[in-house]
Structures are given as C-alpha cells and as structure tokens.
Amino acid sequence: MRIARLSPVIVSLAILVAGAAGTVTAKQGRQAEPVRFATFNASLNRSNAGQALSDLSSPGNAQASAVAEIVQRTRPDVLLINEFDYEPDRALARAFQENYLSIAQEPGLQPIDYPYVFVAPSNTGIPSGFDLDNSGSIGGPNDAFGFGFFPGQFGMAVFSRFPIDHDAARTFQTFLWADMPGALLPDDPTTAAPADWYSPAELAVVRLSSKSHWDVPLRIGRRTVHFLVSHPTPPVFDGPEDRNGRRNHDEIRFWADYVSPGQRSRYIYDDDGLRGGLKPGSLFVVAGDQNADPLDGDSIPGAIQQLLEHPLVNTKLTPDSEGAVEQAALQGGANRTHRSPHRFETADFADSAPGNLRVAYVLPRKNLRIADGAVFWPRTDEPTFELVGVFPFPSSDHRLVWIDVYVPGA
Numbered sequence: 002m003r004i005a006r007l008s009p010v011i012v013s014l015a016i017l018v019a020g021a022a023g024t025v026t027a028k029q030g031r032q033a034e035p036v037r038f039a040t041f042n043a044s045l046n047r048s049n050a051g052q053a054l055s056d057l058s059s060p061g062n063a064q065a066s067a068v069a070e071i072v073q074r075t076r077p078d079v080l081l082i083n084e085f086d087y088e089p090d091r092a093l094a095r096a097f098q099e100n101y102l103s104i105a106q107e108p109g110l111q112p113i114d115y116p117y118v119f120v121a122p123s124n125t126g127i128p129s130g131f132d133l134d135n136s137g138s139i140g141g142p143n144d145a146f147g148f149g150f151f152p153g154q155f156g157m158a159v160f161s162r163f164p165i166d167h168d169a170a171r172t173f174q175t176f177l178w179a180d181m182p183g184a185l186l187p188d189d190p191t192t193a194a195p196a197d198w199y200s201p202a203e204l205a206v207v208r209l210s211s212k213s214h215w216d217v218p219l220r221i222g223r224r225t226v227h228f229l230v231s232h233p234t235p236p237v238f239d240g241p242e243d244r245n246g247r248r249n250h251d252e253i254r255f256w257a258d259y260v261s262p263g264q265r266s267r268y269i270y271d272d273d274g275l276r277g278g279l280k281p282g283s284l285f286v287v288a289g290d291q292n293a294d295p296l297d298g299d300s301i302p303g304a305i306q307q308l309l310e311h312p313l314v315n316t317k318l319t320p321d322s323e324g325a326v327e328q329a330a331l332q333g334g335a336n337r338t339h340r341s342p343h344r345f346e347t348a349d350f351a352d353s354a355p356g357n358l359r360v361a362y363v364l365p366r367k368n369l370r371i372a373d374g375a376v377f378w379p380r381t382d383e384p385t386f387e388l389v390g391v392f393p394f395p396s397s398d399h400r401l402v403w404i405d406v407y408v409p410g411a
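Here's what the structure looks like:
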C-alpha cells in the first residue's frame, strides 16, 4: 500500500542539508508538496435520527475507531465522507474529530486534525408528499426526496486541512431533475406515454440529487480548488422503470455538465438561485461514491464514463490495491465474470450479485498532475486487513480512495 508520507520535519531537514551542500539553488526552485484528496463511504450512518451522534459522542465505538484509524494511516489533506448522517451545526463532524480523529487509534499513529469542515442538509428522508415509487400509498423512505428513514440519513461531510471559502460554496440540493435538458426521466411501462413515471405535479418537486451536490472551494496556497462532491443513488432497488438507474446516470452527468464551460452548464442553478457552472479555467476535483462501475454492476452503460471520458478530467492514474485482487479471487461468485480490472475495485458487495465493484472516484482536472494514488484495501496477510475485513465489516463495505495531485501556482 502506498500510504507513507514524509513528515514536514523530515522534509525540512532534507532541504536544509541539501542547501548546505550546495545541491539546491534558487534557479532550480522547489516543487510544492502534493495535496492528498480522498473519498470514503464510511458507513457512519445509523437507523435512527441522532443515533450516530450518540455513538460518536465519546471514544470507544469500534466502527468509528476503525474508520478513524484508516484516515490516520492514509492521512488525506482533504476528505469526503459519504454516509455520514447530517446533524445541524456540524455536531457529528465535531464529535468524530474530537473523539476519534484527534486521538491516536494505535500506538505509533499520529492524530489528524481537520480545522475546516463543510456540511449541509441532504435530501435523504425529507418527505416529498407524493407517492414517488407508485406503491399506492404516500410515506416512507422511497417517497422521500432521497431514500432515507429520517432527514439527513446517509448524508456527507468534507474535512479539510485547507481553508474553505464558505461564502463562495454552492449547494444544489433543490435542483429539479426535470430542469436538466434531456434528463433520463423514468417511464411507466404500463402506459403508452413517454417518461411518465412521475406526474406533472411530482416533476415540479422531484429533485435530481438523492443527497446533494456541493461545490466546496478550497484555498490551497494562492489557488482555489473546487471540491465537487456527491453520492448518487444506487442504480437498483426499483423496477422496470429503472428510476434509480436513470437518476444515478443524471446525478453523475450533473458534474460532467457543471465543469463544462458555455452552453452545456447554463441550465444549472444552485440553492441561492445563481446560474451556471464553473468558470472557465477553474481547478476542480470530483469526488464521491458514484455507485457506478465502468463495466460491471447495474448502472446504465456509460454512466460513469461521462466523467472518466470528459476532456477536462485527468484519468492518467487509477487508484488500485492488491487486496481487491485477492478478495475477488477468494470470494468468487459474480467476481469471476467481471470485465473491469479487480485491482481498481473499491467496494466489497455480495458475492452472488453484483460482486465487488469500482464505485468510488477522485477525479482531478486535467492540469492537476497526479503524483500517486491508491485504494486502502490491504491483503489478508497485512496487519491492517483487520480494519476492512470481510462481512460483517469492522469499518465499511467501501474502501477509502485517495490521489495526490500537484496544485500549480499554490
């Protein structure tokens, strides 16, 4: 696993020694340290409102400790956590920082501090007032704006070592699915009319984001990097109308459009009513559990390729692990027929179907040079395997994914 990072003290000493020896000159200059961006669906969600906050309100929760140890070992500078229940005033984020991240989880490990945090409400569990799953009754998680048993379940949070420009942050929680040109709106297969799963009244309220989409601007040195984060719905748990598969496709498409200058992004509006996507030339990193594998699983073909094949996205390095290869061989089942390389997989799903998949991504802009990257999925013969394990998982069925990028001019 490529997770070791030199301490600032060691780096500083090395520079001083090299300077004394006359091997470093002003003309050569210095390359800024790469910035590590990561995404982790940490499964820090709970079945009841407030339960996650209760669990993390003091040290000692085994799952939270395992998640924190993974973070302390990989040491991201900027981290998105998916499936992190929403609590007002960043209460859950503060509890996780104070009671887990700020405490060394193993001897020899260093705590990790994130002085900057971004959280916002999620569509999950917010009642829509409509029968969105056409079950004949209104209410329950399938009729919420995003699947959830209470508002904010399965939310997300951004932790950062770098300042966050909260005034310039944009959220897209209330953007309507029907307002996306050419949206893949689901069709009721029992009628002749097209794209009529939702009634006109429902289309007037149905939101695109199953959780939310956030543009979180990070001040890294002299530059701003837009951390574009989301967690599209799984493309399953529906019927022949494929409403979740279609929504997953369009949630991914949203970022592909947002980073595209000109006409392609003009339709977008944020929760404050500001229209348009990123300004041309803006630096960005797209991150999150996209719930879409390039070749396997149940997502609509080409869904994740909207980002992977985008002309502004850098895919020169794909994070990988040896542990994923080992587990695919050990678990067999659907993994035997997969077309995507096992070493890129990021989630340990049911062996029968869909098998292990690549669903989590950290994708920088083309001019952000990638220095390194990996998936934290140790082999069974590594001591840290106990942090990921097998079902029932000690941390999560998903794996942390990270990349190191150089930010030009930072």
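Just so you know, my numbering puts 280 at position 279 of the sequence shown, and the rest follows in order with no gaps.
Just so it is clear, CB atoms sit at the ideal spot from N, CA and C, and this is done for glycine as well.
Fair warning: this is a prediction, and the values are worked out from it, not measured in the lab.
Among the options, whose alpha-carbon lies nearest the alpha-carbon of residue i?
i	options	result
V314	P60, A288, E84	A288
A132	P89, L54, P201	With the sequence shown as reference, residue 132 is identified as Asp, and Ala is not the correct amino acid for it. The candidate whose alpha carbon is nearest that of D132 is P201.
V72	S396, V408, G410	S396
F392	V207, N357, R344, N368	N357
D144	T191, K280, N245, V159	N245
V226	L318, G126, L364	L364
P89	D373, Q64, G51, V79	G51
A354	A361, G153, R366, R337	R337
D405	P384, G324, P320	P320
W378	D352, Y362, R344	R344
L80	V120, Q154, L388	V120
R37	P409, V389, R224, I371	I371
S136	D56, D189, P195, Y101	D189
G61	T192, R76, I221, Y101	Y101
Y115	G109, R91, P128, P122	R91
G130	Q98, G147, Y117, N49	G147
S44	P35, E34, S66, S59	S66
W178	I221, S231, R248	R248
A169	D243, P142, W215, D352	W215
R74	K317, A375, Q174	A375
I253	A330, D349, I301	I301
P241	W198, P409, L57	W198
Taking the beta carbon of residue i as the centre, do at least 16 other beta carbons fall within 10 Å, making it buried, or is it exposed?
i	result
I139	exposed
Q264	exposed
P112	exposed
K280	exposed
G278	buried
E107	exposed
K367	exposed
R223	exposed
P236	buried
G153	buried
H167	exposed
H399	buried
L17	In this predicted model, L17 has a pLDDT of only 38, less than 50, meaning its place in the structure is not dependable; the value taken from the coordinates is given anyway. The residue in question, L17, is exposed, as its Cβ has fewer than 16 Cβ neighbours within 10 Å.
D273	exposed
Report the three-state DSSP secondary structure of residue i (helix, strand or coil).
i	result
V326	helix
I269	coil
G61	coil
R74	helix
V12	Confidence at V12 is low in this model, with a pLDDT of 40, below 50, so the placement of that residue is unreliable and no value is reported for it.
F131	coil
D90	helix
E34	coil
G263	helix
L17	With a pLDDT of 38 at L17, under the threshold of 50, the modelled position of this residue cannot be trusted; read the value that follows with caution. L17: helix per DSSP, three-state reduction.
K28	Bear in mind that the predicted position of K28 carries a pLDDT of just 30, short of 50, making it too unreliable to give a figure here.
R380	coil
V402	strand
V389	coil
E442	Any answer about residue 442 is impossible in this case: the structure gives the chain only from 2 up to 411.
R162	coil
D373	strand
V118	strand
V79	strand
R47	coil
N42	strand
A169	helix
A53	helix
F97	helix
M2	Note that M2 scores a pLDDT of 48, beneath 50, so its modelled location is shaky; the value from the coordinates is reported in the next line. Correct three-state label for M2: coil.
A411	coil
P395	coil
Between residue i and residue j, how many whole angstroms is the CB-CB distance? I'm expecting something under 8 Å.
i	j	result
D251	M181	6 Å
W256	L229	5 Å
A39	V402	6 Å
D294	S341	6 Å
T172	G149	So it is not a contact: roughly 17 Å between Cβ atoms.
V360	N292	5 Å
Could you tell me whether the Cβ of residue i comes closer than 8 Å to any Cβ of chain C?
i	result
P152	In summary, chain C is missing from the structure at hand, where a single protein chain is found.
Whole runs of the alpha helix (DSSP H) within the stretch 177-258, excluding any shorter than 4 residues
201-204
Which runs of the alpha helix (DSSP H), 4 residues or longer, sit entirely within the stretch 281-365?
The stretch 281-365 contains these whole alpha helix (DSSP H) runs: 306-309, 323-332.
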